[in-house]
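Visitor: Residue numbering for the sequence shown follows our numbering, beginning at 16 and increasing consecutively. Beta carbons are placed, not taken as given, at the ideal position from N, Cα and C, and that holds for glycine. Keep in mind the model is a prediction, meaning the values are calculated, not measured.
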Amino acid sequence: MQIDTIANMFPDIPVDNVRYDLLRTGSVELTSNKILERGFLDAPPPSYYTLFPRDAAPGRPSTATTTGRATDTKAAESLISRYNLHDRVKNEETIQEDQIGGKAVWENSAEKREASLKERKAQMILAARQRMLAQQSQSSSTFEKS
């Protein structure tokens with residue numbers, strides 16, 4: 016509660032710095048006066064982060080969390096599910112590296128251009144997945160040999 020009060024008053028001061036100073040002073044008034052006098056708060060020492068680990072996304076909550084949408088489900092969603100590529104993954108469709116990128120043909124209609132863009136995105140995602148799987152299998156085989 017005290018951290019939120021100061022964070023709302025001084026949004027440019029990192030939350031970790033505010034929390035650390037409040038732990039030291041125990042007073043919102045002293046901490047806010049320190050910010051007003053100096054313009055900043057000291058950064059916490061490295062040992063502070065063992066007790067209070069940093070959030071995955073430092074800073075203020077994003078607008079997605081304040082509007083009520085769950086960001087956890089968004090983060091868990093893969094590109095395969097976002098672009099509905101499950102069938103192409105199951106068929107183990109292989110994408111040649113020379114097929115990716117290059118110049119796109121300008122289509123006559125907006126629908127054709129959109130379909131072309133979606134196909135290029137799908138190819139890029141599948142090619143990146145292939146490279147990642149190849150890299151993982153290569154590193155696991157290297158790990159098994161040693």
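1) Can you tell me whether DSSP reads residue 71 as helix, strand or coil?
2) Where do the ends of the alpha helix (DSSP H) carrying residue 22 lie?
3) Do you know how far the Cα of residue 69 is from the Cα of residue 142?
4) Helix, strand or coil for residue 49, going by three-state DSSP, please let me know.
5) Would you tell me roughly how many angstroms separate the C-alpha atoms of residue 150 and residue 140, rounded to the nearest one?
6) Hey, how far is the Cα of residue 71 from the Cα of residue 65?
7) Rounded to the nearest angstrom, what separates residue 28 and residue 22 at their Cα positions?
8) State the start and end residues of the unbroken alpha helix (DSSP H) segment that holds residue 28.
9) List the whole-angstrom C-beta distance separating residue 99 from residue 59, where the pair is believed to meet the contact cut-off of C-beta under 8 Å.
10) Tell me whether residue 92 sits in a helix, a strand or coil according to DSSP, three-state version.
11) Please classify residue 148: is it buried, with 16 or more other beta-carbons within 10 angstroms of its beta-carbon, or exposed?
12) Just to confirm the assignment, what range does the alpha helix (DSSP H) spanning residue 64 have?
Guide: If we stick to the structure as given:
1) Low confidence applies to residue 71: its pLDDT is 43, below 50, so where it sits in the model is not reliable enough to give any reading.
2) 17-24
3) Each residue's alpha carbon lies about 34 Å from the other.
4) helix
5) Taking the straight line from one Cα to the other gives about 15 Å.
6) Only weak support is given to the placement of residue 71: the predicted model assigns it a pLDDT of 43, under 50, and the question is left unresolved by the model.
7) 7 Å
8) For residue 28, there is no enclosing alpha helix (DSSP H), as DSSP gives it neither H nor E.
9) Between residue 59 and residue 99 the Cβ distance is about 45 Å, and since that is not below 8 Å, they are no contact.
10) coil
11) exposed
12) 63-66
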